[in-house]
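Asker: Heads up: the sequence shown at position 209 corresponds to 230 in the working numbering, and the numbers run straight through without jumps.
No residue lacks a Cβ here, since even glycine has one placed at the ideal position from N, Cα and C.
Keep in mind that this is a model prediction, so the values were computed, not measured.
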Amino acid sequence: MKLAPPLRLLVDEEIRARVMKLELPFNRYGLDRFGVSREHLALFYSILLPFYRRYFRVHTFGIEHVPARGRALIIGNHSGGLPVDAAMVISALFQELEPPRHAHGMVELFAQYWPFVSELFSRAGQLPGLPDHAVRFLEDERLLMVFPEGARGTGKLYKDKYQLVRFGTGFVRIALQTRSPIVPFAFVGGEEALPVVFHAKLLAKAVGAPYWPVSRYLLPVPMPVACEIHFGAPLVFEGDGTEADDVIEGYVSVVRSRIEELIDKGRRHREATGKR
22 MKLAPPLRLL VDEEIRARVM KLELPFNRYG LDRFGVSREH LALFYSILLP FYRRYFRVHT
82 FGIEHVPARG RALIIGNHSG GLPVDAAMVI SALFQELEPP RHAHGMVELF AQYWPFVSEL
142 FSRAGQLPGL PDHAVRFLED ERLLMVFPEG ARGTGKLYKD KYQLVRFGTG FVRIALQTRS
202 PIVPFAFVGG EEALPVVFHA KLLAKAVGAP YWPVSRYLLP VPMPVACEIH FGAPLVFEGD
262 GTEADDVIEG YVSVVRSRIE ELIDKGRRHR EATGKR
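(1) Going by other Cβ atoms of all chains shown within 10 Å of its Cβ, with 16 needed for buried, is MET127 buried or exposed?
(2) In whole angstroms, what separates the C-alpha of GLN184 from that of LYS42?
(3) Under 9 Å, do TYR179 and GLU212 count as touching if we go by C-beta distance?
(4) Could you pull out every unbroken beta strand (DSSP E) segment of at least 3 residues lying fully inside the region 216-276, listed in chain order?
(5) In the DSSP assignment, find the beta strand (DSSP E) that holds ILE95 and state where it starts and stops.
(6) Have a look at LEU14 and PHE192 and give me their C-alpha separation to the nearest angstrom.
(7) Are the CB atoms of PHE208 and ASP106 within a distance shorter than 9 Å?
(8) Using DSSP bridges, identify the partner residues of HIS125.
(9) Rounded to whole angstroms, what's the CA-CA distance from ASP266 to GLY171? Just pull it up for me.
(10) Taking only the alpha-carbon atoms, compute the straight-line gap between PHE72 and LEU215 and give it to the nearest angstrom.
(11) Assuming HIS80 is part of the beta strand (DSSP E), what are its boundary residues?
(12) Taking DSSP as the reference, what is the three-state secondary structure of VAL105?
(13) Would you mind working out which of VAL246, LYS222, ASN48 sits nearest ARG75, comparing C-alpha positions?
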(Lines of atoms letter the chains of each structure in order from A; the text may use other names.)
(Lines give C-alpha, C1' and ligand atoms only; values in the text may rest on other atoms or scores of the structure.)
Protein backbone atom coordinates (compact mmCIF):
# COMPACT_ATOMS: atom_id res chain seq x y z
CA MET A 22 0.00 0.00 0.00
CA LYS A 23 1.59 3.25 -1.17
CA LEU A 24 1.84 6.46 0.82
CA ALA A 25 0.87 9.80 -0.67
CA PRO A 26 3.94 11.52 -2.22
CA PRO A 27 4.23 14.21 0.52
CA LEU A 28 4.24 11.53 3.22
CA ARG A 29 6.94 9.51 1.49
CA LEU A 30 9.32 12.42 2.07
CA LEU A 31 8.95 11.90 5.83
CA VAL A 32 10.21 8.32 5.73
CA ASP A 33 13.73 7.79 7.07
CA GLU A 34 15.74 5.34 4.95
CA GLU A 35 17.29 3.72 8.01
CA ILE A 36 13.79 3.07 9.30
CA ARG A 37 12.65 1.71 5.96
CA ALA A 38 15.55 -0.77 6.03
CA ARG A 39 14.59 -1.96 9.52
CA VAL A 40 10.95 -2.35 8.52
CA MET A 41 12.13 -4.69 5.77
CA LYS A 42 13.69 -6.88 8.51
CA LEU A 43 10.39 -7.32 10.36
CA GLU A 44 9.30 -10.93 10.33
CA LEU A 45 5.72 -10.14 9.37
CA PRO A 46 3.88 -11.93 6.54
CA PHE A 47 3.34 -9.05 4.13
CA ASN A 48 1.76 -9.86 0.78
CA ARG A 49 2.91 -8.45 -2.56
CA TYR A 50 0.94 -5.26 -1.84
CA GLY A 51 2.80 -4.69 1.42
CA LEU A 52 -0.14 -5.63 3.67
CA ASP A 53 -0.52 -8.34 6.28
CA ARG A 54 -3.69 -10.20 7.27
CA PHE A 55 -4.61 -7.49 9.80
CA GLY A 56 -4.32 -4.65 7.29
CA VAL A 57 -0.95 -3.51 8.64
CA SER A 58 0.91 -1.65 5.89
CA ARG A 59 4.67 -1.86 5.46
CA GLU A 60 4.76 1.68 4.07
CA HIS A 61 2.69 3.05 6.96
CA LEU A 62 4.97 1.29 9.44
CA ALA A 63 7.93 3.07 7.85
CA LEU A 64 6.11 6.39 8.26
CA PHE A 65 4.98 5.55 11.80
CA TYR A 66 8.48 4.71 13.03
CA SER A 67 10.04 7.62 11.11
CA ILE A 68 7.76 10.03 12.98
CA LEU A 69 8.71 8.45 16.30
CA LEU A 70 12.47 8.26 15.61
CA PRO A 71 13.50 11.84 16.58
CA PHE A 72 11.40 11.65 19.75
CA TYR A 73 12.94 8.31 20.71
CA ARG A 74 16.57 9.23 20.01
CA ARG A 75 16.82 12.95 20.65
CA TYR A 76 13.78 14.40 22.40
CA PHE A 77 13.22 11.78 25.12
CA ARG A 78 16.69 10.17 24.77
CA VAL A 79 15.27 6.77 25.67
CA HIS A 80 17.46 4.12 27.29
CA THR A 81 16.32 0.53 27.71
CA PHE A 82 17.31 -2.05 30.30
CA GLY A 83 16.52 -5.75 30.31
CA ILE A 84 15.18 -5.81 26.77
CA GLU A 85 16.66 -9.30 26.44
CA HIS A 86 13.63 -10.47 28.43
CA VAL A 87 11.43 -9.77 25.40
CA PRO A 88 11.27 -12.94 23.26
CA ALA A 89 13.02 -12.63 19.91
CA ARG A 90 10.16 -14.54 18.29
CA GLY A 91 6.72 -15.71 19.26
CA ARG A 92 3.85 -14.33 21.27
CA ALA A 93 4.08 -12.24 24.43
CA LEU A 94 2.12 -9.63 26.33
CA ILE A 95 4.17 -6.51 27.14
CA ILE A 96 2.58 -5.04 30.28
CA GLY A 97 3.52 -1.82 32.08
CA ASN A 98 2.61 1.39 33.85
CA HIS A 99 0.93 4.35 32.21
CA SER A 100 2.26 7.90 32.67
CA GLY A 101 -0.11 10.79 33.25
CA GLY A 102 -1.04 13.10 30.39
CA LEU A 103 -0.37 11.73 26.91
CA PRO A 104 0.61 8.15 25.93
CA VAL A 105 4.27 8.99 25.35
CA ASP A 106 5.10 5.73 27.11
CA ALA A 107 3.27 3.62 24.54
CA ALA A 108 5.02 5.28 21.60
CA MET A 109 8.46 4.96 23.16
CA VAL A 110 8.05 1.31 24.22
CA ILE A 111 6.91 0.38 20.70
CA SER A 112 9.92 2.28 19.33
CA ALA A 113 12.29 0.49 21.71
CA LEU A 114 11.13 -2.95 20.58
CA PHE A 115 11.61 -1.89 16.98
CA GLN A 116 14.95 -0.11 17.44
CA GLU A 117 16.74 -2.25 20.02
CA LEU A 118 15.81 -5.85 19.18
CA GLU A 119 17.56 -7.82 16.44
CA PRO A 120 15.73 -8.65 14.34
CA PRO A 121 13.38 -5.75 15.09
CA ARG A 122 9.93 -6.58 16.41
CA HIS A 123 6.68 -4.70 15.96
CA ALA A 124 4.33 -4.47 18.94
CA HIS A 125 0.60 -4.01 18.53
CA GLY A 126 -0.96 -1.62 21.01
CA MET A 127 -4.51 -1.52 22.31
CA VAL A 128 -5.61 2.12 21.86
CA GLU A 129 -8.57 3.95 23.33
CA LEU A 130 -11.64 4.03 21.10
CA PHE A 131 -11.74 7.84 20.86
CA ALA A 132 -8.45 7.85 18.90
CA GLN A 133 -10.22 6.06 16.04
CA TYR A 134 -12.20 9.21 15.29
CA TRP A 135 -9.28 11.59 14.85
CA PRO A 136 -8.37 12.47 11.24
CA PHE A 137 -5.05 11.06 9.94
CA VAL A 138 -4.21 9.59 13.37
CA SER A 139 -6.90 6.94 13.10
CA GLU A 140 -5.70 5.71 9.69
CA LEU A 141 -2.03 5.75 10.69
CA PHE A 142 -2.79 3.83 13.88
CA SER A 143 -4.87 1.25 12.05
CA ARG A 144 -2.28 0.75 9.30
CA ALA A 145 0.42 0.45 11.97
CA GLY A 146 -1.53 -2.24 13.80
CA GLN A 147 -2.57 -0.08 16.76
CA LEU A 148 -6.18 -1.12 17.15
CA PRO A 149 -9.01 -0.58 19.69
CA GLY A 150 -8.58 -2.58 22.87
CA LEU A 151 -11.05 -5.36 22.12
CA PRO A 152 -10.41 -8.89 23.45
CA ASP A 153 -10.89 -10.39 19.99
CA HIS A 154 -8.12 -8.20 18.55
CA ALA A 155 -5.79 -9.17 21.39
CA VAL A 156 -6.38 -12.91 21.00
CA ARG A 157 -5.91 -12.81 17.23
CA PHE A 158 -2.59 -10.94 17.48
CA LEU A 159 -1.23 -13.34 20.08
CA GLU A 160 -2.37 -16.45 18.25
CA ASP A 161 -0.46 -15.09 15.25
CA GLU A 162 2.72 -15.11 17.41
CA ARG A 163 2.96 -11.34 17.82
CA LEU A 164 3.81 -8.91 20.60
CA LEU A 165 0.87 -7.18 22.25
CA MET A 166 1.41 -4.14 24.47
CA VAL A 167 -1.24 -3.46 27.11
CA PHE A 168 -1.53 -0.89 29.90
CA PRO A 169 -3.89 -2.45 32.47
CA GLU A 170 -4.56 0.98 34.02
CA GLY A 171 -6.18 2.11 30.76
CA ALA A 172 -7.31 5.74 30.51
CA ARG A 173 -7.30 5.86 34.31
CA GLY A 174 -3.51 5.71 34.07
CA THR A 175 -3.01 8.53 31.59
CA GLY A 176 -5.60 10.51 33.55
CA LYS A 177 -3.36 10.66 36.64
CA LEU A 178 -2.23 14.01 38.03
CA TYR A 179 1.42 14.78 38.77
CA LYS A 180 0.82 14.63 42.51
CA ASP A 181 0.03 10.93 42.00
CA LYS A 182 3.06 10.21 39.80
CA TYR A 183 4.19 6.58 39.61
CA GLN A 184 1.30 5.44 41.79
CA LEU A 185 -0.47 2.64 39.95
CA VAL A 186 -4.25 2.88 39.77
CA ARG A 187 -6.61 -0.06 39.51
CA PHE A 188 -5.60 -2.72 36.98
CA GLY A 189 -8.10 -4.34 34.68
CA THR A 190 -8.00 -8.14 34.76
CA GLY A 191 -8.71 -8.98 31.12
CA PHE A 192 -5.05 -9.12 30.12
CA VAL A 193 -4.39 -12.04 32.46
CA ARG A 194 -7.35 -14.03 31.13
CA ILE A 195 -6.10 -13.41 27.59
CA ALA A 196 -2.56 -14.45 28.55
CA LEU A 197 -3.89 -17.70 30.01
CA GLN A 198 -6.26 -18.35 27.11
CA THR A 199 -3.48 -17.91 24.53
CA ARG A 200 -0.68 -19.37 26.69
CA SER A 201 1.32 -16.17 26.33
CA PRO A 202 4.11 -15.05 28.68
CA ILE A 203 3.74 -11.64 30.32
CA VAL A 204 6.80 -9.38 30.11
CA PRO A 205 6.45 -6.59 32.71
CA PHE A 206 8.07 -3.20 32.24
CA ALA A 207 8.36 0.18 33.94
CA PHE A 208 8.41 3.43 32.01
CA VAL A 209 10.25 6.11 33.97
CA GLY A 210 10.44 9.79 33.01
CA GLY A 211 7.02 10.16 31.45
CA GLU A 212 5.49 11.70 34.58
CA GLU A 213 8.18 14.40 34.64
CA ALA A 214 7.82 15.05 30.90
CA LEU A 215 4.22 16.16 31.30
CA PRO A 216 3.38 17.12 34.90
CA VAL A 217 -0.41 17.32 34.71
CA VAL A 218 -2.01 19.57 37.33
CA PHE A 219 -5.66 19.37 36.23
CA HIS A 220 -7.97 18.38 33.38
CA ALA A 221 -9.93 20.78 31.18
CA LYS A 222 -13.26 18.99 30.83
CA LEU A 223 -14.76 21.30 28.21
CA LEU A 224 -11.76 20.92 25.90
CA ALA A 225 -11.84 17.17 26.38
CA LYS A 226 -15.49 17.07 25.40
CA ALA A 227 -14.81 19.21 22.32
CA VAL A 228 -12.20 16.78 20.95
CA GLY A 229 -13.99 13.62 22.07
CA ALA A 230 -11.30 12.60 24.56
CA PRO A 231 -11.82 11.32 28.12
CA TYR A 232 -9.71 14.22 29.44
CA TRP A 233 -7.57 17.16 28.28
CA PRO A 234 -4.38 17.42 30.33
CA VAL A 235 -3.22 20.83 31.50
CA SER A 236 0.36 20.85 32.71
CA ARG A 237 2.14 23.36 34.90
CA TYR A 238 3.31 24.83 31.57
CA LEU A 239 -0.36 25.07 30.46
CA LEU A 240 0.06 23.40 27.07
CA PRO A 241 -0.34 19.58 26.88
CA VAL A 242 3.09 19.24 25.27
CA PRO A 243 5.65 16.91 26.89
CA MET A 244 9.00 18.43 27.84
CA PRO A 245 12.27 16.92 26.51
CA VAL A 246 12.93 14.72 29.54
CA ALA A 247 15.23 11.68 29.39
CA CYS A 248 13.20 8.48 29.76
CA GLU A 249 14.04 4.89 30.66
CA ILE A 250 12.30 1.57 30.06
CA HIS A 251 13.07 -1.30 32.44
CA PHE A 252 11.89 -4.74 31.31
CA GLY A 253 11.56 -7.64 33.74
CA ALA A 254 11.73 -11.40 33.35
CA PRO A 255 8.65 -13.03 31.76
CA LEU A 256 5.85 -14.24 34.03
CA VAL A 257 3.96 -17.42 33.15
CA PHE A 258 0.82 -18.49 35.02
CA GLU A 259 -1.08 -21.77 35.08
CA GLY A 260 -4.64 -21.88 33.74
CA ASP A 261 -6.80 -21.47 30.67
CA GLY A 262 -8.51 -18.13 31.36
CA THR A 263 -11.71 -19.57 32.85
CA GLU A 264 -10.49 -19.41 36.46
CA ALA A 265 -12.48 -17.79 39.26
CA ASP A 266 -12.11 -14.03 39.72
CA ASP A 267 -10.08 -14.39 42.91
CA VAL A 268 -7.51 -16.55 41.11
CA ILE A 269 -7.21 -14.06 38.26
CA GLU A 270 -6.95 -11.14 40.68
CA GLY A 271 -4.12 -12.96 42.44
CA TYR A 272 -2.22 -13.24 39.17
CA VAL A 273 -2.90 -9.55 38.46
CA SER A 274 -1.46 -8.66 41.87
CA VAL A 275 1.74 -10.53 41.02
CA VAL A 276 2.14 -8.58 37.77
CA ARG A 277 1.32 -5.29 39.48
CA SER A 278 3.87 -5.93 42.25
CA ARG A 279 6.55 -6.74 39.70
CA ILE A 280 5.86 -3.53 37.80
CA GLU A 281 6.04 -1.55 41.05
CA GLU A 282 9.45 -3.12 41.74
CA LEU A 283 10.65 -2.15 38.27
CA ILE A 284 9.35 1.41 38.75
CA ASP A 285 11.26 1.73 42.03
CA LYS A 286 14.39 0.32 40.40
CA GLY A 287 14.06 2.70 37.46
CA ARG A 288 13.50 5.77 39.62
CA ARG A 289 16.53 4.95 41.77
CA HIS A 290 18.66 4.49 38.65
CA ARG A 291 17.39 7.72 37.13
CA GLU A 292 18.11 9.69 40.29
CA ALA A 293 21.56 8.12 40.69
CA THR A 294 22.55 9.07 37.14
CA GLY A 295 21.06 12.55 37.43
CA LYS A 296 19.06 12.25 34.22
CA ARG A 297 16.57 15.01 33.50
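Answerer: Walking through what the data contain:
(1) Counting the other Cβ atoms within 10 Å of the Cβ of MET127 gives 16 or more, which makes it buried.
(2) Linking GLN184 to LYS42 through their CA atoms gives a straight-line distance of about 38 Å.
(3) Pairing TYR179 with GLU212 gives a Cβ-Cβ distance under 9 Å.
(4) Taken in chain order, the unbroken stretches of beta strand (DSSP E) that lie wholly in the region 216-276 and span 3 residues or more are 217-220, 234-236, 249-252.
(5) For ILE95, the enclosing beta strand (DSSP E) stretches over residues 93-97.
(6) Examination of residue 14 is not possible in this model, given that the chain is present from 22 through 297 alone.
(7) Annotated as proximal: ASP106 and PHE208, with beta-carbon spacing under 9 Å.
(8) For HIS125, the beta-bridge partners assigned by DSSP are LEU165.
(9) Inter-residue distance for ASP266 and GLY171 is about 19 Å (C-alpha atoms, whole angstroms).
(10) Distance between the alpha carbons of PHE72 and LEU215 is about 14 Å.
(11) Unbroken beta strand (DSSP E) run through HIS80: 80-82.
(12) VAL105: helix per DSSP, three-state reduction.
(13) The closest CA to that of ARG75, considering only VAL246, LYS222, ASN48, is found on VAL246.
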